[in-house]
Every structure is written in structure tokens, then in C-alpha cells.
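Residue numbers (my numbering): 3 to 344.
All residues carry an ideal CB built from backbone N, CA and C; glycine is no exception.
Small disclaimer: the values here were computed from a predicted structure and weren't measured.
These notes are about the structure you will find just below.
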Ligand code: F6P
């Protein structure tokens with residue numbers, strides 16, 4: 003059996019542990035593994051490398067992906083899917099593991115519909131896939147936010163400032179909610195709950211009236227002002243999957259807060275720091291379990307599936323189910339975070 007493996011979309015910590023698990027398990031079963039470079043782009047351009055045991059040794063703790071990644075969508079290009087299929091045949095790949103978020107796995111699902119034996123592994127720092135309790139990458143990103151908030155607390159307190167911390171999360175505020183909750187944020191703004199600047203300023207003033215002269219506000223990049231009804235974007239460019247680049251809500255909020263409350267305010271954009279660095283133990287283990295489960299599905303010839311975490315069990319759902327609905331923040335959890343708002 004010849005297995006292909008690729009990583010697509012935004013990188014995240016945990017990709018290398020997943021690749022390592024797929025290769026090690028496959029080799030144990032006597033399978034061969036071909037690593038496709040740079041996501042779907044490598045299957046359009048025929049760019050790959052053979053993955054043997056040496057290729058995946060020493061990578062468990064490394065962030066990023068040894069295969070490279072891209073946001074290439076073969077279905078956005080004339081003849082793209084046909085090229086992918088032609089190259090899979092050229093390489094003799096009988097089963098393909100795609101590691102990605104909804105975009106990458108959406109392509110895997112479409113290819114499955116065209117007769118390709120695909121399996122999906124869910125990853126994304128955004129944790130926004132509804133069929134799984136957790137995607138790997140999320141826990142590592144949350145830890146970056148938590149550590150940043152720990153560091154920002156002392157400087158905010160020393161200067162009696164408001165600090166606005168912008169984190170990733172396009173349509174779902176999971177990173178903001180988990181990061182803010184674990185790092186003691188005084189207000190958290192998420193895409194699921196449109197907000198007004200007044201409510202944020204009132205909360206800051208309430209804290210000040212009880213003697214707390216600093217506040218940490220966590221805002222997801224996709225948070226929406228109730229009066230604007232859409233998120234703030236960096237520019238009007240759209241990627242191959244139709245996404246605009248978000249960003250700028252933190253700076254905007256910072257200026258408004260300073261204007262309206264008179265408190266000295268600064269903004270910090272955590273940006274791609276949240277996607278870099280070593281995976282946490284949780285992400286290493288989850289990614290490893292997903293990688294092993296994906297190869298088990300191939301062994302059973304159970305294709306068109308995505309591995310997922312439910313409770314503490316790894317299960318398989320259809321790729322279709324894996325990509326159709328996105329998962330937004332659990333409002334019960336957000337209410338817990340609200341208990342700590344000013
Ligand atoms: O999808 C993961 C993600 O990190 C989002 O949270 C963020 O909006 C986006 O990718 C950033 O993409 P890029 O790396 O292309 O700037």
C-alpha cells in the first residue's frame with residue numbers, strides 16, 4: 003500500500019507529530035509513505051518526498067510542518083482536480099491523508115466524491131470544526147495567549163493602562179474564550195456576540211471604580227461591532243477559498259477606548275505567534291492519536307472519513323459531516339468567562 007500525506011491551510015503546532023505517527027504506523031504495517039509538499043499545491047505541481055523513518059525522527063516537538071503548506075485550492079483552478087488525480091495515479095498513491103481545517107478537508111471530501119481514497123485529520127488553531135471536540139493546534143495557541151496575558155498583566159498594572167490583545171479566530175472565538183479565561187481577561191470579545199464599544203468602556207470604568215486601575219481586553223480578530231455588522235478587515239484581498247484577511251479590530255478598539263474613557267490604552271496583536279512554537283503535550287498526543295487512527299482506517303479501507311475526538315475517544319465521521327458545519331463558541335463557557343468581566 004502506498005499512502006500520500008499532505009498538510010494544507012494555515013500551519014499549527016501538532017502537524018509534525020501527526021505526520022510522524024502516520025509514517026511510523028504505516029511503516030510498521032509495511033506501507034510506503036509519500037509526503038506531498040505544500041498542501042494541494044504539491045499535487046498540482048507534482049512536488050513530493052519519500053518519508054522513511056529517518057525523515058520523521060526528531061520532529062515530535064517541532065512546530066510547523068516538515069512538508070510545508072499552502073492555501074492552494076485545486077478546485078479554484080481550471081483542470082486543477084484532474085491534475086491532482088493524474089499526479090496521484092502517477093505516484094501510485096492508493097490512499098491519501100489530508101491534514102487540515104475545513105478548506106483542506108473540503109477538498110479531500112470533493113476528491114472522495116470523485117473516487118479518490120481520502121482520509122482527513124482535523125487541525126486548526128481555531129478549533130472550529132463541529133464534528134470533533136478538539137482540533138490539534140488549538141491548545142498550543144491557547145497557551146500562547148495565556149502566557150501573553152500573564153506577561154501583559156504586570157505591565158498593564160504598573161502603568162495603570164488598558165491593554166487590548168487581538169487574537170486569531172475568524173468566525174469562532176474559541177481562542178479568545180479559552181485564552182481569555184485561562185489568562186484572566188477582564189473582557190472578551192468574540193465573533194459570536196456582537197458588541198458595542200460602550201459596553202466595553204462601561205466595564206473598564208466599573209473596574210476602575212473598585213480600584214482596579216488596569217484592564218486586559220481580549221478581542222478575536224473576527225469580533226463584530228453591533229453597529230458595523232461586519233468584522234474589520236486588513237484589506238480587500240481574498241484567498242483561494244474566498245476568505246478575506248481579518249485584522250485591525252484591536253487597534254480600532256484601543257483608540258476608541260482611550261478616547262471614550264481617557265485611560266491610557268495600548269494594543270497588542272498576537273498574530274502568527276499563536277501558530278508558531280512547539281506543540282503542547284495535549285496537541286502532541288491528540289495529533290499522534292489522530293495519525294494512528296487515520297492509518298487504521300486505511301488498513302480497514304474505510305475511506306471518506308475524518309478522525310475526530312469525542313470525549314476521550316477517537317472516532318471516525320464522514321468527511322462530509324466533518325466539513326459541513328463550523329463550531330462556534332459554547333455560550334455556557336462564555337458565560338463562565340463573563341463572571342470575571344468588570
Ligand atoms: O485558519 C487559521 C488562521 O490562523 C486564522 O485564525 C487566521 O484568520 C488565519 O489563519 C490567518 O491566515 P494567514 O496565515 O494566511 O495570515
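Is residue i helix, strand or coil when you go by DSSP?
i	result
residue 211	helix
residue 328	strand
residue 273	helix
residue 50	strand
residue 168	strand
residue 267	strand
residue 85	helix
residue 115	helix
residue 101	strand
residue 9	strand
residue 163	coil
residue 256	helix
residue 338	helix
residue 55	coil
residue 75	coil
residue 284	helix
residue 140	helix
residue 60	coil
residue 91	helix
residue 302	coil
residue 45	helix
Is the Cβ-Cβ distance between residue i and residue j less than 7 Å?
i	j	result
residue 252	residue 166	yes
residue 141	residue 332	no
residue 122	residue 324	yes
residue 40	residue 72	yes
residue 218	residue 272	no
residue 157	residue 206	no
residue 277	residue 101	no
residue 36	residue 93	yes
residue 297	residue 310	no
residue 132	residue 329	yes
residue 198	residue 336	no
residue 119	residue 176	no
residue 2	residue 143	Lying before the first or after the last residue shown, residue 2 is absent from the chain, which here runs from 3 to 344.
residue 254	residue 270	no
residue 138	residue 289	yes
residue 11	residue 103	yes
residue 249	residue 220	no
residue 110	residue 321	yes
residue 74	residue 17	no
residue 147	residue 169	yes
residue 291	residue 135	no
Nearest-angstrom Cα distance between residue i and residue j?
i	j	result
residue 171	residue 193	8 Å
residue 343	residue 224	20 Å
residue 247	residue 305	33 Å
residue 189	residue 338	12 Å
residue 15	residue 57	18 Å
residue 23	residue 145	23 Å
residue 404	residue 216	Residue 404 lies beyond the stretch modelled for the chain, which goes from 3 to 344, so this question has no answer here.
residue 265	residue 259	7 Å
residue 280	residue 63	6 Å
residue 334	residue 340	10 Å
residue 174	residue 327	12 Å
residue 54	residue 25	7 Å
residue 61	residue 20	10 Å
residue 222	residue 191	6 Å
residue 42	residue 226	32 Å
residue 245	residue 107	16 Å
Which residues share a DSSP beta bridge with residue i?
i	result
residue 307	121, 320
residue 315	312
residue 248	235
residue 134	DSSP output for residue 134 lists no bridge partner at all.
residue 349	Outside the modelled stretch of the chain, which goes from 3 to 344, sits residue 349, for which no answer is possible.
residue 158	The partner list for residue 158 (beta bridge, DSSP) is empty, contrary to what the question assumes.
Whole runs of the alpha helix (DSSP H) within the segment 183-242, excluding any shorter than 4 residues: Fully enclosed alpha helix (DSSP H) runs of 4 or longer: 199-211.
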